[in-house]
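Report on the structure given below.
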Ligand code: NAP
Ligand code: MG
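In the working numbering, the protein residues as written are 19 to 519.
Next comes the structure, spelled out in structure tokens:
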């Protein structure tokens, strides 16, 4: 338990008893770092092919660093085209020789086993996720890792019931699937991709992002320890070129990609004219809409959760706030007050609300947009929290007096930066909220059910949350409209991209 220390200037001793001088007392928490004694990391990691870690044919390695300390954690193999070919050949052989032939209920047992081993090793996985990617331990411990296990549990259940999911059809696996994931939810994105692929009878070559390969490599250890037949899941690390080589490989029958819209477009071009299947989960600029009849305190918590959760490194972050004019002053006042209490700092500290920005490049991108917002004439508000002297950190930031035409309102920043606009009518806010190239998610805060249904049917967004934000569940499909991509992951819908019907 951490000890609470009140700031000195706010404490006054009267007759031996402690009294508060002002109601605006700022609480400071003693450090409560999560232990790292229980984790084991190698100095160097090879490529996981055929259930073994092998040296890359490329002979190349790169460093993965801790963005909160800028220290190197481990060396990671960089797969080139020959390595990719080796992994794809392994997946192809495993598909033909074992996985395709294995009865579905036997496949399910392996997937359950992976889920249980993720649970068993959850403390270790959570700490490594926070070290490698910068997210607060509270999130990796309570959200990323449990959800990753739940995805495996959920899809294990589907493995022998596919004919009931698609009745009167004949669901068949596709073969080798290539999966490319980003750095914001490293283990969770791997689970979103691997679990349905296996349940549908496919084999996998997965590439994690360059800056966050470690939990995917830990998952590789789990897969090996589960005795999954060699080659069913191959995890190869590398940079953008490695991903491109997976996309291009002729034996890969399906590409599942989560990442930026820019790279999504490159992939779509690269596979044009082939018969590869494709799902794209891309960027977003999601609207969080507060009506005047909303429970304002809860809505403020929802705004905070929507944009500052995981440093705003969330594709569906509620990064555009729309507040009905009559409650604007109240919402902004409460939002600023709440922002003051957010703790930015060590991702391994259990009190931390906002951890480290994932990489130096990402921090530079955020700073570019902070400068741009000021140049565009918006007014900026940042809480005056102390930032650690080392590592990549950004305080929670609010941009007021913004308009639809501002680039900070239109473009994805992917950091803890919120733009705020007002509206008067339902029609106006629908028009404004939909006026973006993206369509991943939205939030609606109101007391009226009818308003919720009206909004959800008119918002061009894959997910619309009502009186909450950033809630995920394996049973619920997730995906975008417009430049946020196509295809769904999660739920029954998440089986479709991995089957020929
Ligand atoms: P990114 O640059 O597009 O990278 C995503 C993955 O693609 C990484 O593994 C990357 O490798 C790889 N890659 C890069 N160039 C490639 C190429 N030419 N061909 C094939 N693969 C390539 O995205 P990011 O910056 O890592 O992630 C942030 C973006 O992801 C944001 O736009 C966010 O909105 C989006 N995202 C969307 C969802 C969703 O569900 N819609 C979920 C999470 C994130 P390297 O890491 O080595 O560059
Ligand atoms: Mg890292």
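We treat Cβ as the ideally placed atom computed from N, Cα and C, and that holds for glycine.
Residues near residue 177 by beta carbon distance below 6 Å, same chain, minus five either side = Locating residue 177 in the chain shown gives position 159, where the first residue counts as 1. Excluding residues within five positions, the ones whose Cβ falls inside 6 Å are 122, 125, 126 and 217.
Residue closest to residue 65, alpha-carbon to alpha-carbon, out of 82, 291 and 95: In the chain shown, residue 65 corresponds to position 47, counting from 1. Minimum Cα distance to residue 65 is reached at 95.
Checklist line | For residue 39, the three-state DSSP class (helix, strand or coil) | finding: To locate residue 39, count along the chain shown from 1; it is residue 21. Confidence at residue 39 is low in this model, with a pLDDT of 45, below 50, so its placement is unreliable and the value that follows should be read with caution. Note: residue 39 maps to coil in three-state DSSP.
Assuming contact is defined by CB atoms lying nearer than 8 Å, are residue 72 and residue 270 in contact in what I supplied? Position 54 of the chain shown, counting from 1, holds the residue named residue 72. Position 252 of the chain shown, counting from 1, holds the residue named residue 270. Contact flag unset, no.
Handout entry: residue 13, DSSP secondary structure in three states
Key = Here the chain covers residues 19 to 519 and nothing more, so residue 13 does not appear.
* Asked: Using the beta-carbon count (16 or more within 10 Å), is residue 40 buried or exposed?
  -> Numbered from 1 along the chain shown, position 22 holds the residue referred to as residue 40. Only weak support exists for where residue 40 lies, its pLDDT of 44 falling under 50; the coordinates are left without a value.
**Asked** Does the distance from the CB of residue 104 to the CB of residue 75 come in under 8 Å?
**Response** What you label residue 104 is simply residue 86 of the chain shown in a count that begins at 1. What you label residue 75 is simply residue 57 of the chain shown in a count that begins at 1. Yes.
Three-state class that DSSP yields for residue 89 in the structure shown: Working through the chain shown from its first residue, we reach residue 89 at position 71. Reduced to three states, the DSSP call for residue 89 is strand.
TODO: Answer with buried or exposed for residue 517, where buried requires no fewer than 16 other C-beta atoms within 10 angstroms of its C-beta.
DONE: One-based indexing of the chain shown puts residue 517 at position 499. Answer is buried; the Cβ neighbour count reaches 16.
Which of helix, strand or coil does DSSP assign to residue 448? Indexing the chain shown from 1 puts residue 448 at position 430. Note: residue 448 maps to helix in three-state DSSP.
When burial is assigned at 16 or more other CB atoms within 10 Å of the CB, is residue 328 buried or exposed? As a first step, residue 328 must be located in the chain shown, where it is residue number 310. Residue 328 is buried by the Cβ-count criterion.
- Item | Residues bridged to residue 367 (per DSSP) | By 1-based counting over the chain shown, the position of residue 367 is 349. DSSP output for residue 367 lists 51 as bridge partner(s).
### Message
Please give me, in chain order, every unbroken run of the beta strand (DSSP E) with length at least 3 that falls completely inside the segment 401-458.
### Response
415-418 and 435-441
* With burial defined as no fewer than 16 other Cβ atoms inside 10 Å of the residue's Cβ, what is the status of residue 162: buried or exposed? -> As a first step, residue 162 must be located in the chain shown, where it is residue number 144. With 16 or more other Cβ atoms within 10 Å, it is buried.
**Prompt:** If residue 279 sits next to residue 300, beta carbons under 8 Å apart, how far is it from one beta carbon to the other, in whole angstroms?
**Reply:** By one-based count along the chain shown, residue 279 stands at place 261. By one-based count along the chain shown, residue 300 stands at place 282. Yes, residue 279 and residue 300 are in contact; Cβ-Cβ is about 4 Å, under 8 Å.
For this session: Go ahead and pull the three-state DSSP assignment for residue 344.
Result: The sequence position of residue 344 within the chain shown is 326, counting from 1. It is helical.
How big is the Cα-Cα spacing for residue 397 and residue 391? Here residue 397 is taken as the residue at index 379 of the chain shown, counted from 1. Here residue 391 is taken as the residue at index 373 of the chain shown, counted from 1. About 8 Å.
Provide the residue(s) that pair with residue 398 in DSSP beta bridges, ordered along the chain.
The count along the chain shown starts at 1 and reaches residue 398 at position 380. The partner list for residue 398 (beta bridge, DSSP) reads 417.
For this session: Decide if residue 514 is buried, meaning its Cβ has at least 16 other Cβ atoms within 10 Å, or exposed.
Result: Taking the chain shown and counting its residues from 1, the one referred to as residue 514 is at position 496. Residue 514 should be labelled buried.
Is the number of C-beta pairs between the segment 301-308 and the segment 332-345 that are closer than 8 Å three or more?
-> yes
Look at the Cβ atom of residue 235, then the Cβ atom of residue 253, and state whether they are nearer than 8 Å. Translated into positions along the chain shown, residue 235 becomes position 217. Translated into positions along the chain shown, residue 253 becomes position 235. It is a contact, given that the beta carbons lie within the stated cut-off.
With DSSP run on the structure shown, which of helix, strand or coil describes residue 498?
Taking the first residue of the chain shown as position 1, residue 498 is located at position 480. Coil, per DSSP.
Next item on the list: Ignore the nearest five residues each way along the sequence and tell me which others in residue 377's own chain have a CB closer than 8 Å to its CB.
Entry: Taking the chain shown and counting its residues from 1, the one referred to as residue 377 is at position 359. The residues are 85, 201, 229 and 410.
Query raised in the report: From this set, 256, 186 and 350, which residue's C-alpha is nearest residue 63's C-alpha?
Result: On the chain shown, residue 63 is found 45 positions in, with the first residue counted as 1. That would be 256, whose Cα lies nearest to the Cα of residue 63.
Report the CB separation of residue 109 from residue 222 in whole angstroms; it is logged as a contact under 8 Å.
The count along the chain shown starts at 1 and reaches residue 109 at position 91. The count along the chain shown starts at 1 and reaches residue 222 at position 204. Right, the Cβ-Cβ distance comes to about 6 Å (below 8 Å), so this counts as a contact.
Q. Can you give the beta carbon distance from residue 509 to residue 486, rounded, assuming they're within the 8 Å contact cut?
A. As a position in the chain shown, residue 509 is number 491, starting the count at 1. As a position in the chain shown, residue 486 is number 468, starting the count at 1. With a Cβ gap of about 18 Å, residue 509 and residue 486 do not count as contacting.
Helix or strand or just coil, what does DSSP make of residue 201? Within the chain shown, the letter at position 183 stands for residue 201. Residue 201: coil per DSSP, three-state reduction.
Quiz prompt | Whole alpha helix (DSSP H) elements within the segment 201-277, 4-residue minimum | solution = 204-217, 232-243 and 258-266
**Whole-number beta carbon distance between residue 145 and residue 52, since they are thought to touch under 8 Å** = As a working note, residue 52 is residue 34 in the chain shown. As a working note, residue 145 is residue 127 in the chain shown. Contact flag correct, Cβ pair sits at about 6 Å.
Below 7 Å, is the gap between the Cβ of residue 432 and the nearest heavy atom of the ligand NAP? Within the chain shown, the letter at position 414 stands for residue 432. True, at least one ligand heavy atom lies under 7 Å from that Cβ.
*asked:* Please tell me whether residue 113 and residue 193 are closer than 8 Å, where the distance is taken between their beta carbons.
replied: What you label residue 113 is simply residue 95 of the chain shown in a count that begins at 1. What you label residue 193 is simply residue 175 of the chain shown in a count that begins at 1. Yes, the Cβ-Cβ distance between residue 113 and residue 193 is below 8 Å.
*asked:* Quick check: residue 426 and residue 437, are their CB atoms within less than 8 Å of each other?
replied: Here residue 426 refers to the residue found at position 408 of the chain shown. Here residue 437 refers to the residue found at position 419 of the chain shown. Their beta carbons are under 8 Å apart, which means residue 426 touches residue 437 by this criterion.
task: Pair every Cβ in the segment 347-360 with every Cβ in the segment 469-487, then say whether three or more of these pairs are closer than 8 Å.
output: no
- Please name the residue in 293, 415, 98 and 365 whose C-alpha comes closest to that of residue 434. Numbered from its first residue, the chain shown carries residue 434 at position 416. Residue 434 has its Cα closest to that of 415, out of 293, 415, 98 and 365.
Does DSSP classify residue 60 as helix, strand or coil?
The sequence position of residue 60 within the chain shown is 42, counting from 1. The answer is coil: DSSP assigns residue 60 none of H, G, I, E or B.
Q: Please classify residue 220: is it buried, with 16 or more other beta-carbons within 10 angstroms of its beta-carbon, or exposed?
A: Indexing the chain shown from 1 puts residue 220 at position 202. It counts as buried.
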